[in-house]
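Enquirer: Below you'll find the structure I mean.
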Amino acid sequence: MKIKNVQYVKSILSANERPIPALPEIAFVGRSNVGKSSLINCLVNVKNLARVSKQPGKTRAINYFSVDNRFYLVDLPGYGFAKVSKSAQVDWQRVIEAYLLNNQQIRRILVLIDSKVGAKENDRQLIEWLEFNRAPYRVVATKVDKISRSERAVQARKIREALNQSRNEPLLFFSAKDRTGREELLKYIGELLEGSEK
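Be aware that the sequence shown starts at 12, since it is given in this note's numbering, and climbs by one per residue.
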């Protein structure tokens, strides 16, 4: 899939603020500083489209980016950062759940897991929640430049075991630093969109 034109559309704090026109959505969710913004920037080949923060928990809104006026990439707030207040964590959870539930435009929720750190308890809880609500998702292991090729299969197995997934879909590997997995992820998104347009 070739990407020609990408632009930031808007940031929302409530599901009823979603942009018009309604287009298919590919959502990215994961722990704070798992590399969501870097992945999006690398994917669309625009350096500073999604802002990369050194401070975990900085992205609080749901950010929409339009790709070729064909679909949206959606950057969801990061979760799991301990220094954020409990009330803020609850607020973010409400925003994310409201976005994910009853959203007919979502084609896939890409759950990002740091390949070196592995899956944590709140990652497992998210997967459990997605499966309970029958939400379409796939796991992407990020920052794979930090582990060797031989470690990938081992880490993939550990992540799958920690997440306790009911499905056995292979993980996608990605590195924004050396662009590993970029073409595979673009192809995957392209196939999802083709399926929704038929």
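Note that the Cβ used here is the ideal one computed from N, Cα and C, for glycine as well.
Could you check the C-alpha separation between residue 22 and residue 88 for me, to the nearest Å?
Expert: For residue 22 and residue 88, the distance between alpha carbons rounds to 11 Å.
Enquirer: Since I believe residue 54 is in contact with residue 19 (beta carbons under 8 Å), could you give me their beta-carbon distance rounded to a whole number of angstroms?
Expert: Their Cβ separation, rounded to whole angstroms, is 14 Å, which puts residue 19 and residue 54 out of contact at 8 Å.
Enquirer: Shortest alpha-carbon distance to residue 116 belongs to which of 170, 182, 186, 146?
Expert: Ranking the options by Cα distance to residue 116, first place goes to 146.
Enquirer: For residue 41, does the three-state DSSP call read helix, strand or coil?
Expert: In the structure shown, residue 41 sits in a strand (DSSP, three-state: E or B).
Enquirer: Would you report the Cα separation of residue 86 and residue 76, rounded to the nearest angstrom?
Expert: Distance between the alpha carbons of residue 86 and residue 76 is about 8 Å.
Enquirer: Please look up how many angstroms separate the CB atoms of residue 110 and residue 26, rounded, as I've assumed it's under 8 Å.
Expert: Yes, they are in contact, since the Cβ atoms of residue 110 and residue 26 sit about 5 Å apart, within 8 Å.
Enquirer: Would a C-beta distance cut-off of 7 Å place residue 120 and residue 150 closer than the cut-off?
Expert: Taking 7 Å as the Cβ cut-off, residue 120 and residue 150 do not qualify as a contacting pair.
Enquirer: Can you have a look at residue 165 and say buried or exposed, based on whether 16 or more other CB atoms are within 10 angstroms of its CB?
Expert: Residue 165 comes out exposed.
Enquirer: So the candidates are 152, 112, 15; which of them puts its Cα closest to the Cα of residue 130?
Expert: When only C-alpha atoms are compared, the closest one is 152.
Enquirer: Any chance the segment 179-194 sits against the segment 154-165, with 3 or more Cβ pairs inside 8 Å?
Expert: Yes: at least three Cβ pairs fall under 8 Å.
Enquirer: Give a yes or no on whether the C-beta atoms belonging to residue 36 and residue 83 are separated by under 7 Å.
Expert: Yes; because the gap between Cβ atoms is below 7 Å, this pair is in contact.
Enquirer: To which residues of the same chain is residue 156 closer than 6 Å at the C-beta, ignoring the five residues directly before and after it?
Expert: Once the five neighbours on either side are set aside, the close Cβ partners of residue 156 are 186, 188, 189.
Enquirer: With a threshold of 16 other CB atoms inside 10 Å of the CB of residue 56, please say whether the residue is buried or exposed.
Expert: Its Cβ having fewer than 16 others within 10 Å, residue 56 is exposed.
Enquirer: Is the distance from the Cβ of residue 12 to the Cβ of residue 196 below 7 Å?
Expert: For residue 12 and residue 196, no; Cβs fall outside 7 Å.
Enquirer: Quick one: residues in its chain with C-beta nearer than 7 Å to the C-beta of residue 135, no 5 flanking neighbours on either side, listed in chain order?
Expert: Closer than 7 Å at the Cβ level, and outside the excluded window around residue 135, lie 173, 174, 175.
Enquirer: Assign residue 13 to one of three DSSP states: helix, strand, or coil.
Expert: In this structure, residue 13 counts as coil in the three-state DSSP scheme.
Enquirer: Helix, strand or coil for residue 143, going by three-state DSSP, please let me know.
Expert: Looking at residue 143 - three-state DSSP - the assignment turns out to be helix.
Enquirer: Once DSSP output is grouped into helix, strand and coil, what is the label at residue 74?
Expert: In the structure shown, residue 74 sits in a strand (DSSP, three-state: E or B).
Enquirer: According to DSSP, what are the bridge partners of residue 22?
Expert: DSSP output for residue 22 lists 74 as bridge partner(s).
Enquirer: For the beta strand (DSSP E) holding residue 152, just list the boundary residues, first then last.
Expert: Note, residue 152: beta strand (DSSP E), 148-153.
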